[in-house]
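Novice: This is the structure I want to talk about, given as structure tokens.
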Amino acid sequence: MPRGLRADAQANYERLLEVAARTFAREGADTSLKAIAAEAGVGIGTLYRRFPTREDLIEATYRNETRRLCESAPQLLGRHSPTDAFRVWMECFVDYMLTKQGMADALPAILASRDALRLHSREALGEAVAVLLNAGIASGDFRADVAASDVLMALGGITLISGHEHQRDLASRLVSLLLDGLIAPRASASSI
């Protein structure tokens, strides 16, 4: 996010990214930029001043959504148990992937021309999963033999299988199954 903007310009920038994420998820990358600007409450000139091309808006939206998702991990742990925090985060990950799929036609070209962007996103998401997983391991809620990269791959698979908004319930059921697989086995009273 650009820094040093006036408060109103910063608010416009953030609102444009929020509206773009929702619109791309709903309508795809070819949606009207004029409609995005109107829904954000700014003129098309403001949109183009911040994002000279459609690709610039898509990249900024992708970066912003990745940042927001990753930053939410420790925030969720501050409000929920590790298990509940991870469940909420995984549901947010599914929504993030729906937004990303809405930009799917344009993202490959953007990511191909900016290799560091793909790598940065993957690393940031892996770190967020590790924060949540390690909190659950430390609390005794999660198994200690699970790698964050495996959880991230499983989440990616869930979004591929249920990658459409009309299959959101399927994604939630699969997230629950994944979370159940992370739960540490408890010693039964008879084995103590």
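Numbered per full-length UniProt numbering, the sequence shown spans residues 1 to 192. Just so it is clear, CB atoms sit at the ideal spot from N, CA and C, and this is done for glycine as well.
(1) Given a cut-off of 8 Å on the beta-carbon distance, is the pair Val175 and Ala148 in contact?
(2) Quick check on the DSSP output: the alpha helix (DSSP H) that includes Phe24 runs from which residue to which?
(3) Inspect the CB distances between the stretch 79-97 and the stretch 130-144 and report whether three or more fall short of 8 Å.
(4) Would you mind reading off the limits of the alpha helix (DSSP H) that contains Gln167?
(5) Per DSSP, what are the beta-bridge partners of Phe51 in this structure?
(6) Would Ile158 pass as a contact of Leu179 if the rule is Cβ separation under 8 Å?
(7) Using a Cβ-Cβ cut-off of 8 Å (strictly less than) and excluding sequence neighbours within five positions of Leu16, which residues of its own chain qualify?
(8) Between the C-alpha atoms of Trp89 and Leu76, what's the straight-line distance to the nearest angstrom?
(9) Between which two residues does the alpha helix (DSSP H) containing Val88 stretch?
(10) Whose C-beta lies closer than 6 Å to the C-beta of Asn64 among residues of the same chain, with five residues either side of it excluded?
(11) Under 8 Å between the Cβ atoms of Leu152 and Cys70?
(12) For Lys100, count neighbouring C-beta atoms within 10 Å of its own C-beta (all shown protein chains included) and say buried if the count is 16 or more, exposed if not.
(13) Report the rounded CA-to-CA distance for Gly181 versus Arg79, giving the unit in angstroms.
(14) Taking Ala184 as part of the alpha helix (DSSP H), name the residues at either end of that continuous run.
(15) Excluding the 5 residues flanking Pro74 on each side, which residues of the same chain have their C-beta closer than 7 Å to its C-beta?
(16) Going by C-alpha to C-alpha distance, which of Ser81, Tyr13, Lys34, Tyr96 sits closest to Ala25?
(17) Following the continuous alpha helix (DSSP H) through Ala106, name the residue where it begins and the one where it ends.
Specialist: Concretely, from the data shown:
(1) no
(2) 7-27
(3) yes
(4) Run containing Gln167: none; DSSP gives neither H nor E here.
(5) In the DSSP output, where bridge partners are listed per residue, Phe51 has none listed.
(6) no
(7) Ile36, Ala37, Ala40, Val42, Thr46, Leu47, Arg50, Phe51, Leu57
(8) 8 Å
(9) 82-102
(10) Leu17
(11) no
(12) buried
(13) 23 Å
(14) Looking at the DSSP string, Ala184 is not in any alpha helix (DSSP H), and its letter there is neither H nor E.
(15) Val131
(16) Tyr96
(17) Unbroken run through Ala106: none, as it is neither H nor E.
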